[in-house]
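Here is the structure we will look at, set down as structure tokens.
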Amino acid sequence: MHFLVLVPAMLVVANALAQDGQPGPGRCFVATNGSDAWSGKLVEPNAAKTDGPFATLERARDEVRKLKAAGPLPKGGVVVEMRGGVYELGRPFELTTADSGAADAPIVYQARRGEEVRLVGGKVVTGWKPVTDPAALARLDESARGKALQADLRAQGIADLGEMKPGPRWNLSEAGLELFFKDQPMTLARWPNEGFVKIVEVLGETPIDVRGTKGCREGVFSYDGDRPKRWAGEKDIMLHGYWFRDWADQRHKVETIDTEKRVIRVAKPYHDFGYRKGMYYYAYNLLSELDRPGEWYLDRQSGILYFWPPAAIESGKAMVSLLPTLVTMKDVSHVTLRGMTLEGCRGTAVIVSGGSHTRVAGCVIRNCGSWAARISGTDNGVVGCDIYQTGDGGIGLSGGDRKTLTAAKLYAENNHIHHYSRWNPILKSGVQVEGVGNRVAHNLIHNAPHKAIVFGGNEHVIEFNEIHSVVYQANDAGVMYAGYNPTTRGHQIRHNYLHHVYGYQGKGCVGVYLDDMFCSATIFGNVFYEVPRAAFIGGGRDNVVE
32 MHFLVLVPAM
42 LVVANALAQD
52 GQPGPGRCFV
62 ATNGSDAWSG
72 KLVEPNAAKT
82 DGPFATLERA
92 RDEVRKLKAA
102 GPLPKGGVVV
112 EMRGGVYELG
122 RPFELTTADS
132 GAADAPIVYQ
142 ARRGEEVRLV
152 GGKVVTGWKP
162 VTDPAALARL
172 DESARGKALQ
182 ADLRAQGIAD
192 LGEMKPGPRW
202 NLSEAGLELF
212 FKDQPMTLAR
222 WPNEGFVKIV
232 EVLGETPIDV
242 RGTKGCREGV
252 FSYDGDRPKR
262 WAGEKDIMLH
272 GYWFRDWADQ
282 RHKVETIDTE
292 KRVIRVAKPY
302 HDFGYRKGMY
312 YYAYNLLSEL
322 DRPGEWYLDR
332 QSGILYFWPP
342 AAIESGKAMV
352 SLLPTLVTMK
362 DVSHVTLRGM
372 TLEGCRGTAV
382 IVSGGSHTRV
392 AGCVIRNCGS
402 WAARISGTDN
412 GVVGCDIYQT
422 GDGGIGLSGG
432 DRKTLTAAKL
442 YAENNHIHHY
452 SRWNPILKSG
462 VQVEGVGNRV
472 AHNLIHNAPH
482 KAIVFGGNEH
492 VIEFNEIHSV
502 VYQANDAGVM
512 YAGYNPTTRG
522 HQIRHNYLHH
532 VYGYQGKGCV
542 GVYLDDMFCS
552 ATIFGNVFYE
562 VPRAAFIGGG
572 RDNVVE
């Protein structure tokens, strides 16, 4: 069975991109070989190199502001067209109310047809050389000696190296600086290389008993084997684990390791639910565990980045993420961002706060530390985008007035969202929708450790989505999930195709999970195939499944 879900908006994007940019009063150009001292009215520099496109989006934005100040915008609006190339942003590109278009004169920032435009929030790392420092070589695994390389980030002007931050509570933490090679996220050196190891015994001072499941409050536990003996001298050892429930994770700094007694104590704050025997974790941020291609480690004291590239370092570019975000729109209306690739930031790539009728259309958003896009306001949305390799989720929609049930009409439509939640695997969904009267439709969502769609608020429509291969690192979880609040009513979940979802180690999950007294959802006309349970109603009322 195959559902066709990615059609209408892609046609809209294709039609919009089919118009080659020509000079005119409502159009300006940006190129990597441009200059902000030029007029921006030419697609490429003239022969005399006295005029041509702008060099930066900020200069083009300011030119549009001048055009607005001179009188009404041209009928049909303004297009800022970017030539192909890589634009390493020195700061986020910011739009405010002053940058708004109008219903009959929208403003569009778009890639030129047939050209790849990349807005990058990171910096390419150069100056790689073999590791020769005796102290570093002594810590490196024998398999990595002669293969791992090093680069001095501070010598390349990279001063903000980020931090190894634990989460203040489960499902919350920050990725900080990340490394990408050939546009793929690399792995912060860890042990074990795949999967987890288990807690042998919990040794905390305060026992807990949750409906017969015993554990302790403090993060003190024993381990098996002698692997941690290799970690002597390591700084900022981190653990990421599922400590009491297999649907709640947290990252911890290690406070102490007693390698004789084989006991680890993690630093506070402790996990909300406590710790119990048999739960699982892995260790990371360890130079001594850099033992296979694709792993890396950053010494934040020296600024030295260590990396075992999966291919010859000359065969691709290694980039570290720097900026907190790439594009922000605050109280902006009638503006579209179209056809670009946005990548390499530590936080959320695109943030739309307030305003109306803004769109992110036909873009690729990848390799960011948090979400691809967070959208509020009214009639704003994300359409026809490819979203992948995000640290958290895909698209967040939040808007509308719950007191008056006024709809925001936000939307996530015709997007391909996959391989997300690299850093925070729990409760970071492909689409999260809150508020009132928003729509999630015609999206293809797959390959993620936890949920695909999380919803709350009132009167959302979730329809015609295809979802598969999610919830592979958790149990007691839903492909679509809502819960905890009986006032979040009036949702329509219809005509979706959910398939091939099994839960962690095949232990089970649910297609649509209405948890803890959730009320008033209509689940209609959906197809569930190779899903352990189609729907679960956890005690609420006025829910309909048919």
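Sequence positions in the sequence shown follow the numbering used here and run 32 to 577. By construction, the Cβ of each residue, glycine as well, lies at the ideal position given by its N, Cα and C atoms. Just so we're clear, the structure is a prediction, and the values are computed from it rather than from any experiment.
The beta carbon of ARG176 lies closer than 7 Å to those of LEU168 in the same chain, with the five residues before and after it left out. Membership of LEU180 in the beta strand (DSSP E) is indicated by the continuous run 180 to 183. Counting the other Cβ atoms within 10 Å of the Cβ of GLN332 gives fewer than 16, which makes it exposed.
For PRO238, no alpha helix (DSSP H) segment is defined; the enclosing uninterrupted segment is the beta strand (DSSP E) at 238 to 241.
Under the three-state reduction of DSSP, GLN463 is assigned to strand. Excluding the 5 residues flanking it on each side, GLY334 has same chain C-beta neighbours closer than 8 Å at ASP183, LEU184, ARG185, ALA186, ILE189, LEU192, in chain order. Taking a C-beta distance under 8 Å as the contact criterion, TYR528 and GLU497 qualify as a contact pair. Restricting attention to beta strand (DSSP E) runs no shorter than 3 residues, the region 331 to 358 encloses them at 335 to 338, 349 to 352, ordered along the chain. Counted as a single uninterrupted DSSP element, the alpha helix (DSSP H) harbouring ARG90 occupies residues 88 to 100.
In the three-state DSSP reduction, GLY116 falls in the strand class (E or B). Listed in chain order, the beta strand (DSSP E) runs fully inside the region 247 to 280 are 251 to 253, 269 to 273, counting runs of at least 3 residues. Between LYS154 and the set ALA349, CYS394, GLN523, the nearest pair of CA atoms involves ALA349.
Contact between VAL109 and LEU98 holds: CB atoms are separated by about 7 Å, below the 8 Å threshold. Counting C-beta pairs closer than 8 Å gives three or more between the region 54 to 73 and the region 110 to 117, which meets the contact rule. The shortest CA-to-CA distance from LEU329 to any of LEU317, ARG323, ASP322, PRO340 is the one to LEU317. Annotation for ALA166: the continuous alpha helix (DSSP H) segment containing it runs 165 to 170.
Rounded to whole angstroms, the separation of the alpha carbons of ARG170 and TRP159 is 19 Å. LYS459 counts as buried, since no fewer than 16 other beta carbons sit within 10 angstroms of its beta carbon.
Boundaries of the beta strand (DSSP E) harbouring GLY427: 426 to 430, taken from the DSSP string. In this structure, the beta-carbon distance from VAL502 to HIS481 falls below 8 Å. Across the set PHE495, ARG520, ARG525, LEU545, the C-alpha of LEU545 shows the shortest separation from the C-alpha of ASP507.
DSSP places ILE189 outside any beta strand (DSSP E), giving it a letter other than H or E. According to the DSSP secondary-structure assignment, GLU374 is paired through a beta bridge with VAL151, ARG397. The region 131 to 148 makes contact with the region 360 to 368: 3 or more CB pairs, one atom from each, lie closer than 8 Å.
Setting aside the 5 residues that flank it on each side, ASP573 is surrounded in the same chain by CYS550, SER551, each with a C-beta closer than 6 Å to its C-beta; the list follows chain order.
Between CYS394 and LEU373, the C-beta gap is smaller than 8 Å, which places the two residues in contact. A residue is called buried when at least 16 other Cβ atoms come within 10 angstroms of its Cβ; GLY145 does not meet this threshold and is exposed. Between VAL543 and PHE559, the alpha-carbon positions lie close to 10 Å from each other. Residue burial annotation: VAL575 is exposed, with fewer than 16 other C-beta atoms found within 10 angstroms of its C-beta. Looking at the backbone, the Cα of TYR254 and that of MET310 are separated by about 11 Å.
With three or more CB-CB distances shorter than 8 Å, the region 113 to 132 counts as touching the region 84 to 104.
The beta carbons of VAL95 and ASP130 sit about 7 Å from each other, so the pair counts as a contact at 8 Å. Annotation for LEU210: MET217, TRP327, VAL351 place their beta carbon closer than 6 Å to its own, counting only its chain and skipping 5 residues before and after. When rounded, the separation of the alpha-carbon atoms in GLY207 and LYS213 is 20 Å.
Per DSSP, CYS59 is one residue of the beta strand (DSSP E) stretching across 58 to 61.
Burial of SER452 is indicated by the presence of at least 16 other C-beta atoms within 10 angstroms of its C-beta.
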